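All remarks here apply to the structure that follows.
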Amino acid sequence: MYPSAFGYYRAASVQEAVALLGEHPDAKLLAGGHSLIPAMKLRLATPSALVDLGSVAELRGIRQQGETIVIGAMTPHREIEYSTELAKTCPILPEAAAVIGDPLVRNRGTIGGSLAHADPAADFPACVLALGGTLTIQGTAGGRTVEAADFFQDMFATALQPGEVLTEIQVPARQPGVGMAYEKFAHPASRYAIVGVAAVVRMNRSVCEEARVAMTGATSKPTRLTKLEAALAGKPLDEATLKATCVNVVSPDGLLGDHTASATFRAHLTDVFAKRALQRAAERSTSR
Amino acid sequence: MADTVAITLTVNGVERQADVEPRTLLVHFLREALGLTGTHVGCDTSQCGACAVSVGGVVVKSCTLLAVQADRAEVTTIEGLARDGQLDPVQQAFWDVHALQCGFCTPGMVMATHELLAHSPQPTDAEIRHGLEGNYCRCTGYHNIVRAVRLAAEKLAERESTAAAG
Numbered sequence: 025m026y027p028s029a030f031g032y033y034r035a036a037s038v039q040e041a042v043a044l045l046g047e048h049p050d051a052k053l054l055a056g057g058h059s060l061i062p063a064m065k066l067r068l069a070t071p072s073a074l075v076d077l078g079s080v081a082e083l084r085g086i087r088q089q090g091e092t093i094v095i096g097a098m099t100p101h102r103e104i105e106y107s108t109e110l111a112k113t114c115p116i117l118p119e120a121a122a123v124i125g126d127p128l129v130r131n132r133g134t135i136g137g138s139l140a141h142a143d144p145a146a147d148f149p150a151c152v153l154a155l156g157g158t159l160t161i162q163g164t165a166g167g168r169t170v171e172a173a174d175f176f177q178d179m180f181a182t183a184l185q186p187g188e189v190l191t192e193i194q195v196p197a198r199q200p201g202v203g204m205a206y207e208k209f210a211h212p213a214s215r216y217a218i219v220g221v222a223a224v225v226r227m228n229r230s231v232c233e234e235a236r237v238a239m240t241g242a243t244s245k246p247t248r249l250t251k252l253e254a255a256l257a258g259k260p261l262d263e264a265t266l267k268a269t270c271v272n273v274v275s276p277d278g279l280l281g282d283h284t285a286s287a288t289f290r291a292h293l294t295d296v297f298a299k300r301a302l303q304r305a306a307e308r309s310t311s312r
Numbered sequence: 072m073a074d075t076v077a078i079t080l081t082v083n084g085v086e087r088q089a090d091v092e093p094r095t096l097l098v099h100f101l102r103e104a105l106g107l108t109g110t111h112v113g114c115d116t117s118q119c120g121a122c123a124v125s126v127g128g129v130v131v132k133s134c135t136l137l138a139v140q141a142d143r144a145e146v147t148t149i150e151g152l153a154r155d156g157q158l159d160p161v162q163q164a165f166w167d168v169h170a171l172q173c174g175f176c177t178p179g180m181v182m183a184t185h186e187l188l189a190h191s192p193q194p195t196d197a198e199i200r201h202g203l204e205g206n207y208c209r210c211t212g213y214h215n216i217v218r219a220v221r222l223a224a225e226k227l228a229e230r231e232s233t234a235a236a237g
């Protein structure tokens, strides 16, 4: 299989990518290409042109600015998986990266590509939402920053406007007392999330001050489990609390379902994986 | 025919220049333009790993990469592993423990094993199975493949220690 013909433009900088998008309004941005190229091979996507971000060095890398971790949009999953810095400052991201696709896919797929594609079964969107991350976007009018909660709008739909480039992802560096974990039930063949739950908890001694829990896989966009979050505040995250709160966390009404996993089964999985993620997040909150 | 793009890349140590249509997949470029047919097209949907090659030092699925994306990169295919007629340690390990039946997945398995051992030189069996998650053997011969990876790890460690001692 091969894609239908398209024009190919390689950007050397973000500025050039924005300019190229201006010149070619029907162009798609090419990041790692591990969602876009398969879609183009199946002719599900037939862009007239691609603007390749693969040579834009400024979009790649992980750095810390004060209390914020900044990840370039073109940073591959594999770099996140093996980042010793992120293992300390934002361990949920390496943990999620390690369960995306397979090692060879992770060598090419990028965090920015994953977020901008907004596949409802992707892993990073729920993590960035639970972390309260922000996304930096560049366009002809300059830069803007969007909260993760506002970025994801629907299945494959984000706040990105035509001509804009997602450049950076900012997430808070882990503070003492904060624990985080990502747990997913992966599709046996594709490894996409049938249900994935990202949990970030802030503990004071053994009491939960704040829990941020987001799910992926069964909803059209990553979704905060606000009812569960409210039920956890002020409680110890022990077995009794989790057993009592991780029950009917979401209603199957409106959840995605298919021949692999019905909406009812996914609602059940959400209970199970929310509990697991919270349990491990709470355990990790005591580590330095 | 659509406009072509000039690319220059190093494949198995040899510099190659070509004009390619942007939609040319790297696997087709390697097989059809360069005649390097050791890289296989299996599923053609980024699942099976038969098309695995090294690009810029990391092993990727060449059915999901455009040839233009490999411009200026160093590419290594299965044909580039043997030196002076000697199989490389991973290939030799696959030979030694007969880690193949039909052999279709083997080039990809060998490339993926290099990737795996680069990150984890002494893998457990569980790590081997997890590390080869992106490579399918449809003869279901995984048992010997896992043995081969274990043996390859030993061979590479021996080579390292000999090199260090020498």
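Protein chains in written order, with this note's numbering: chain E, 25 to 312; chain Z, 72 to 237. Glycine residues also receive a C-beta, built at the ideal position from the N, C-alpha and C atoms. These numbers were taken from a predicted model, which means no experiment stands behind them.
Coil, strand or helix - residue i by DSSP
i, result
"residue 207 of chain E", "strand"
"residue 72 of chain Z", "At residue 72 of chain Z, the pLDDT of 48 sits below 50, so the modelled position is not reliable; the number obtained from the coordinates is stated separately. In the structure shown, residue 72 of chain Z sits in coil (DSSP, three-state: anything other than H, G, I, E or B)."
"residue 80 of chain E", "coil"
"residue 279 of chain E", "coil"
"residue 82 of chain Z", "strand"
"residue 124 of chain E", "coil"
"residue 28 of chain E", "coil"
"residue 163 of chain E", "strand"
"residue 67 of chain E", "coil"
"residue 117 of chain E", "helix"
"residue 154 of chain Z", "strand"
"residue 145 of chain E", "coil"
C-beta contact flag for residue i and residue j at 8 Å
i, j, result
"residue 80 of chain Z", "residue 144 of chain Z", "yes"
"residue 162 of chain E", "residue 42 of chain E", "yes"
"residue 94 of chain Z", "residue 26 of chain E", "yes"
"residue 291 of chain E", "residue 274 of chain E", "yes"
"residue 224 of chain E", "residue 95 of chain E", "no"
"residue 217 of chain Z", "residue 184 of chain Z", "no"
"residue 186 of chain Z", "residue 128 of chain E", "yes"
"residue 139 of chain Z", "residue 91 of chain Z", "yes"
"residue 157 of chain E", "residue 195 of chain E", "yes"
"residue 74 of chain Z", "residue 31 of chain E", "yes"
"residue 51 of chain E", "residue 71 of chain E", "yes"
"residue 241 of chain E", "residue 149 of chain E", "no"
"residue 68 of chain Z", "residue 188 of chain Z", "Examination of residue 68 of chain Z is not possible in this model, given that chain Z is present from 72 through 237 alone."
Contact list for residue i against chain Z, beta-carbon separation under 7 Å
i, result
"residue 58 of chain E", "117 and 135"
"residue 30 of chain E", "93 and 94"
"residue 116 of chain E", "Residues of chain Z passing the Cβ test: none, with the nearest at roughly 19 Å."
"residue 62 of chain E", "116, 117 and 135"
Host alpha helix (DSSP H) of residue i (start-end)
i, result
"residue 93 of chain E", "Taken as a continuous stretch (DSSP letters only), residue 93 of chain E belongs to no alpha helix (DSSP H), being part of the beta strand (DSSP E) at 92 to 96."
"residue 207 of chain Z", "Element bounds for residue 207 of chain Z: n/a, residue is neither H nor E."
"residue 104 of chain E", "101 to 105"
"residue 162 of chain Z", "160 to 167"
"residue 39 of chain E", "38 to 47"
Listed by chain order, chain Z residues near residue i by CB distance under 9 Å
i, result
"residue 197 of chain E", "Within 9 Å Cβ-Cβ: nothing; residue 197 of chain E doesn't reach chain Z, min ~25 Å."
Per-residue contacts from residue i into chain E (C-beta, under 8 Å)
i, result
"residue 140 of chain Z", "54, 57, 76 and 78"
"residue 120 of chain Z", "126 and 128"
"residue 113 of chain Z", "By Cβ distance, chain E contributes nothing, its closest Cβ being about 12 Å from residue 113 of chain Z, past 8 Å."
"residue 183 of chain Z", "127 and 128"
"residue 109 of chain Z", "Simply none; closest approach about 17 Å."
Under 7 Å from the C-beta of residue i: neighbouring residues of chain E
i, result
"residue 130 of chain Z", "128 and 131"
"residue 202 of chain Z", "127"
Segment limits, beta strand (DSSP E) that includes residue i
i, result
"residue 90 of chain Z", "85 to 91"
"residue 86 of chain E", "86 to 89"
"residue 168 of chain E", "166 to 171"
"residue 31 of chain E", "31 to 34"
"residue 108 of chain E", "From DSSP, residue 108 of chain E is part of no beta strand (DSSP E) but of the alpha helix (DSSP H) over 108 to 113."
"residue 96 of chain Z", "Segment: none, residue 96 of chain Z is in no beta strand (DSSP E) and carries neither H nor E."
"residue 53 of chain E", "52 to 54"
Listed by chain order, chain Z residues near residue i by CB distance under 8 Å
i, result
"residue 26 of chain E", "94, 95, 96 and 99"
Proximal residues of chain E, C-beta to C-beta of residue i below 9 Å
i, result
"residue 76 of chain Z", "32 and 34"
"residue 186 of chain Z", "127, 128 and 131"
"residue 123 of chain Z", "128"
Legend entry - Start-end ranges of the beta strand (DSSP E) lying completely within the segment 176 to 249 of chain E, minimum 3 residues: Runs of the beta strand (DSSP E) inside the segment 176 to 249 of chain E: 176 to 178, 189 to 196, 202 to 210, 217 to 228 and 231 to 240.
Inset, instruction - Report the residue ranges of all beta strand (DSSP E) runs contained in full by the segment 103 to 149 of chain Z; include only those spanning at least 3 residues, in chain order. - result: If we require 3 residues or more, the beta strand (DSSP E) runs fully inside the segment 103 to 149 of chain Z come out as 123 to 126, 129 to 132 and 145 to 147.
Inset, instruction - Could you pull out every unbroken alpha helix (DSSP H) segment of at least 4 residues lying fully inside the segment 249 to 305 of chain E, listed in chain order? - result: If you keep only unbroken alpha helix (DSSP H) runs of at least 4 residues inside the segment 249 to 305 of chain E, you get 250 to 256 and 263 to 269.
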